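In our numbering, the protein residues as written are 6 to 233. For glycine and all other residues, C-beta sits at the position ideal for the given N, C-alpha and C. What you are looking at is a predicted structure, and each value in this text was computed from that prediction instead of being measured. Beneath this line is the structure, given in structure tokens, with notes to follow.
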């Protein structure tokens, strides 16, 4: 479970086919593109695609900043004082996130209403406003993607330097929002996308949950063996 480009891209992919994540994004783009509903969040291919791309780029910038920040904090505290015990920090987090993805643990995570209120104001600034919305929504709470984000940031904190943390989290943001420009441009309809990916989303989510639990337990094995 080393932090690699493949790891973060797969994490973003698993969440990108979760209907709830893409629906939230399209509701935001609906305001940007002048539509009242997500299904109508498109006004021509070029405008829709550019708006979607700009939004996920802005959100990826926020994720990159988060990655750099937690890497810096980790390098100055966790890695210095915890040393090899860092795995004892990652292990429980991965197990917990895995249980969430398996729906064994349920979290009632609500959206940030103040951030949601800001979208209509920023929408009037066109593409620049879309970029700001992306940056702003990088810190918003997404019920289906926040647990995975927490797991990735935890690993970045103890395994990556600042440059690696920023780069990997930026890639995660791009993978997470990859379908958005195509849906916003009208190339792919939200309805067909949700229908085609629903089954796959559930399957990948369960598999990812089991993998996370497996690696979490693996990280904890040395400490469990000492206890037992």
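Beta-carbon gap between residue i and residue j smaller than 8 Å
i	j	result
residue 138	residue 220	no
residue 201	residue 8	no
residue 78	residue 162	yes
residue 132	residue 55	yes
Own chain partners of residue i with C-beta closer than 8 Å, once the 5 adjacent residues on each side are dropped
i	result
residue 218	99, 100, 103, 104, 107
residue 10	173, 176
residue 2	Only positions 6 to 233 of the chain appear in this structure, which leaves residue 2 out of reach.
residue 50	190, 191, 192
residue 110	101, 104
residue 211	106, 107
residue 171	69, 70, 72, 73, 76
residue 215	103, 107
Closest residue to residue i among the options (Cα-Cα distance)
i	options	result
residue 234	73, 20, 141	Because the chain spans 6 through 233 in this model, residue 234 falls outside it and cannot be assessed.
residue 225	20, 58, 94, 72	94
residue 166	51, 20, 75, 26	75
residue 169	110, 68, 143	68
residue 12	154, 73, 204, 223	154
residue 181	204, 143, 216	143
Cβ shell of residue i (< 6 Å), same chain only, five flanking positions each side left out
i	result
residue 159	95, 98
residue 194	none
residue 135	37, 56, 59, 60
residue 45	Note that residue 45 scores a pLDDT of 48, beneath 50, so its modelled location is shaky; the value from the coordinates is reported in the next line. None.
Nearest-angstrom Cβ-Cβ length linking residue i and residue j, presumed shorter than 8 Å
i	j	result
residue 150	residue 26	5 Å
residue 58	residue 186	5 Å
residue 184	residue 21	6 Å
Sequence-distant residues of its chain with Cβ nearer than 7 Å to residue i (five each side left out)
i	result
residue 213	19, 106
residue 227	none
residue 85	With a pLDDT of only 49 at residue 85, under 50, the local geometry of the prediction cannot be trusted, and no value is derived from it.
Any C-beta of chain C under 8 Å from that of residue i
i	result
residue 20	Protein chains in the displayed structure number just one, and chain C is not present.
Quick one: complete beta strand (DSSP E) runs, 3+ long, within the segment 174-218?
You should have found no qualifying run.
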